[in-house]
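The structure appears below as structure tokens.
In our numbering, the protein residues as written are 826 to 1650.
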């Protein structure tokens, strides 16, 4: 225990935000793409804590004051009792059709389905080649199916869908709309609420579940069951602590609670300090508790912090086993999968199932610690203020937790206690056939126990450094773009960094590999690196170089032989070569050229370009021929589909070539620089003629009745390329301000959805603060009011603020473009 009064101001500073600051989800533990745990609501004790993907990754927090127990973190896990099994649980058949039926009747009981086929579920597209579709039925783009089932009784507590749908879905129960989600998808089975009218429609005897699924792109899939959500009752019910305050800084999430006569402050701290590669890589976060009596009396207080075995598995059915050890004055508990298949899974909606999750504390502060079922640990704590030191046996991950109990007498003075949580993955990624360790253990001579000890020894120092980082991030953004903009940057900070993994390549140089979260799971994607760049250009360009080096190596090694940059280097965590199904030649080549010059500017030398000049020249030569008037191809906005003659993509090629010319000048390649500068000048003049639509510039050269955000032009001012006259950006900004919707500026004229990172880039083109803030304000409204309680999505609808797709992605570090622009002025 530490009675450190100086921590009070560091951990709980004067509030940065008004009560209107409401994140869509709140980061609690953020280490890397696998160890990332969030609260998906306003109240920390209002719901089960979850992995960023939405799967339960439970942390339970309880405080016992003079024998009375309150819950401040997590929620009791309800029992999900199966009503109707999914195909994953039990085989079934259903009637289906892929020919559009009557839209008003197909889901109702009397509709004639005699021409429909009978087939086993689930239903999926041909490219859904995972084990879940084996034995199921294929469809192409759309499927309608009906499944009859019989209930012996219809008295349920809270009927809920157990559904896996990819993409859009409509569900009906006995002809009543039960669930409708478009555009959206799930990456796995999730429990989703049913409409109240559909709950009432369930009846004893024969029932009909009808579903429609439309697959837009990627592997389509639909499977639906029903479950009854049964909440804990009786002795299992513990009174919630009253949450009285919430704050958030770049590195900390802070909550205030009242637990009877004791005030509890809980801080979740991720020391993601961009200048310190060792701290970014160290897989340890802090949970800090500050306690004070509010009635002038002394109270006996115990705090339980429990972590579920789900942290160490991909699926709840996998088994975990626990360990307890004491080393160097630390009490350490850990849980790990009983089957350690190192780097055995790859993909998007996938959680780590090798390595071990850790919960540790100073042994002198720990009253008791144990491993067991979550319910038993909580019940034992609530009854006696401790947990059993029981012998561990392996069990399903959702039936096993590890728990530490801290104890202290609390009076009028503030007292501080803390614990540490972390994860040791052993090896983090596979890089062109070689397994790489995390940066903190790149030489293989360190232990996780020693890292925890260092984290404990450095605790006070790290808290101060986190506070300095918090002030820097907020103040820099506030000065550049105002309060709402600064709050967006704070919201994005931990998400942006923890969507990467820092490792060392075989030569010992840092690689900072991104995971394309809730998109396709790619690793080291160039068009994820590109929008992510501003934060790292500002505070540590080494990390941006670590994002780009895999793409350079891929070409320079001869493993990638095409004359343009690759899209990615694999599917996380296997970086063995591009797995995305289609190239984006202009997009990725332009990205790599522009970012290389941006790094040279940030570092004030040309060494990075010199190192990779040969392959940069190959990519530049490609853009000279193919970049100005792009053929029908994808760009970073690939979800919008292919597009020929894309004016914004043309700008990207022009910016890339202009950057290349600047680098050539600095490398003494004067002839090449002059030739490329002349070509860029010619391209710019042609671009303004071909894209001109009077009061704005078009989406494509051949459609003057279209428009799009020209966010790529932001580099012209930042890098002092001097390609386009300032009137181009000025005309665009004036036009954009007429096209705004309640939740932001649409990406282009094709749809009403948008990308918030691109809006910030676009807003940075504004020449006055008023226009910048006018474009940012709807993005802030989206972030604070979106109905989707998930880690911040960068792809949302501007008419209603709903997420379209993506979440927890690193591209939100693109929000720092305005700060970068002000810094480089």
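In this text, a Cβ means the ideal position worked out from N, Cα and C, and glycines have one as well.
Let's see if you can read the secondary structure: which residues bound the beta strand (DSSP E) around residue 863? 861-864
Validate contact between the stretch 971-986 and the stretch 1064-1072 using beta carbons, cut 8 Å, 3 pairs: no
For residue 839, which of helix, strand or coil comes out of DSSP? Since pLDDT at residue 839 reaches only 43, below the 50 mark, its modelled position is unreliable, and no value is offered.
Beta-bridge partners of residue 918, as assigned by DSSP: 945
Determine, using beta carbons only, whether residue 1570 and residue 1579 come nearer to each other than 8 Å. yes
So, helix, strand or coil for residue 884, using DSSP? strand
For residue 1258, count neighbouring C-beta atoms within 10 Å of its own C-beta (all shown protein chains included) and say buried if the count is 16 or more, exposed if not. exposed
To the nearest angstrom, how far is the alpha carbon of residue 897 from that of residue 870? 5 Å
Is the beta carbon of residue 944 less than 8 Å from the beta carbon of residue 919? yes
Bounding residues of the beta strand (DSSP E) (the contiguous stretch that carries residue 940): No beta strand (DSSP E) contains residue 940, which DSSP labels as neither H nor E.
Going residue by residue through the stretch 1050-1113, where are the continuous alpha helix (DSSP H) segments of at least 4 residues, counting only ones entirely within it? 1102-1106
Alpha-carbon spacing of residue 1060 relative to residue 1367, whole angstroms: No answer about residue 1060 holds up, because its pLDDT of 47 lies below 50 and its placement is not dependable.
Span of the alpha helix (DSSP H) holding residue 1482? 1472-1491
Rounded C-alpha distance that separates residue 921 from residue 1601: 46 Å
Determine the DSSP secondary structure at residue 831, reduced to helix, strand or coil. Bear in mind that a pLDDT of 46 at residue 831, under 50, signals an unreliable position, so the model cannot answer this.
Hey, how far is the Cα of residue 1321 from the Cα of residue 1290? 19 Å
To test your reading of the DSSP string, which unbroken alpha helix (DSSP H) runs of 4 or more residues are found completely within the stretch 1014-1053? 1021-1026
For residue 1300, which of helix, strand or coil comes out of DSSP? helix
Hey, how far is the Cα of residue 1398 from the Cα of residue 930? 46 Å
On the premise that residue 1273 lies in contact with residue 1183, defined as a C-beta separation below 8 Å, what is that separation, rounded to the nearest angstrom? 7 Å
Using 8 Å as the threshold, is the stretch 1460-1471 in touch with the stretch 1440-1448, meaning 3 or more CB pairs across them? no
So, with DSSP's three-state summary, where would you put residue 1009? coil
Can you list, in chain order, the stretches of the alpha helix (DSSP H) that have 4 or more residues and sit fully within the stretch 1575-1623? 1581-1589 and 1594-1610
Going straight from the alpha carbon of residue 1034 to that of residue 998, what length do you get? 5 Å
Considering only their Cβ atoms, is the gap separating residue 1015 from residue 905 smaller than 8 Å? no
Grab me the residues of residue 1301's own chain with a C-beta within less than 7 Å of its C-beta, minus the 5 sequence neighbours each way, in chain order. 1644
In terms of alpha-carbon separation, which member of 888, 1479 and 1269 lies closest to residue 1130? 888
By how many angstroms is the C-alpha of residue 1391 removed from the C-alpha of residue 1345? 16 Å
Same chain, Cβ closer than 6 Å to residue 1647, neighbours up to 5 away in sequence not counted: 1305
Please confirm whether residue 1265 and residue 1153 have their CB atoms less than 8 Å apart. no
My guess is that residue 1501 and residue 1482 are in contact by the Cβ rule of under 8 Å, so how many angstroms apart are they, rounded? 6 Å
Between which two residues does the beta strand (DSSP E) containing residue 1218 stretch? That residue, residue 1218, is in no beta strand (DSSP E); it is neither H nor E in DSSP.
Reference residue 1485, options 1537, 1538, 1414 and 1454, closest by Cα: 1414
Less than 8 Å between the C-beta atoms of residue 946 and residue 963, yes or no? no
DSSP beta-bridge partners of residue 1396: 1347 and 1399
CA nearest to the CA of residue 1234, picked from 1568, 890 and 914: 890
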